[in-house]
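First comes the structure, then the notes that go with it.
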Amino acid sequence: MSDPRTPLQKIYNFLLINERLATSGQPKPEQFVAIAEAGYEMVVNLLPDGSEAYFPGEEALVRSLSLSYHRISVIWTAPTRENLDEFYEQMKQNEKKKLYIHCAANMRVSAFTYLWRVKNGEDPLEALADMHDIWIPDGVWATFIESNLEM
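If you read the sequence shown in this note's numbering, its first letter stands for residue 11, the second for the next number, and so on.
Below, the structure written as structure tokens:
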């Protein structure tokens, strides 16, 4: 029996936020083709160099598909306000583009996206539900979210 999911839905922890924004865990190299074919114009990666999931050829592959690329090195155990501010700046600069944002498991991204959505007036409960579809932050991430939440 064939898999009925679309190519994007097969990406680890894929979450469609709206028609211009999707998030996920680390796509496999061949899945970046599906991202490009789906009309995404930019990939933002929140993985640091030392991450097991990070693949060094990602930027070249993404650019070879005619997509823009930006990487923000967010260390899992130590997310910073500077990381979040850089994320906010990328979201603002590219608000007219169709964005695909990923990290290893969509945890960093879902937290950053939640904060962005609330900051920009989206329904906090809907944004929270989307984040909770991926995970319920605890420890350093719960503290980080609470200290950066702007309602």
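Virtual Cβ for every residue (Gly too), placed ideally from N, Cα, C.
State the Cα-Cα distance for the pair glutamate 40 and isoleucine 155, rounded to the nearest angstrom.
33 Å
Taking C-alpha atoms, which residue in Met117, Val128, Leu125 lies nearest to aspartate 148?
Met117
I believe serine 120 touches isoleucine 82 by the beta-carbon criterion, under 8 Å. Please report the beta-carbon distance rounded to the nearest angstrom.
About 15 Å; that fails the 8 Å criterion.
Using 8 Å as the threshold, is the stretch 130-138 in touch with the stretch 43-60, meaning 3 or more CB pairs across them?
no
Keeping to the same chain, check which residues put their C-beta closer than 7 Å to that of arginine 127; ignore five residues upstream and five downstream.
Ala137
Using the DSSP secondary-structure output, state which residues sit across from tyrosine 79 in a beta bridge.
Val53
DSSP on threonine 33, reduced to helix/strand/coil?
strand
Spatial neighbours of asparagine 158 within its chain, please: CB distance less than 7 Å, with the 5 preceding and 5 following residues excluded, ordered by chain position.
Arg91, Leu94, Leu125
To the nearest angstrom, how far is the alpha carbon of serine 78 from that of alanine 46?
10 Å
Helix, strand or coil, according to DSSP, for alanine 115 in the structure here?
strand
Looking only at C-alpha atoms, which of Met141, Gln100, Trp86, Tyr110 sits nearest to histidine 44?
First, the amino acid is wrong: residue 44 is alanine here, not histidine. Ranking Met141, Gln100, Trp86, Tyr110 by Cα distance to alanine 44 puts Tyr110 first.
With distances taken between CB atoms, is the gap from valine 84 to cysteine 113 smaller than 8 Å?
yes
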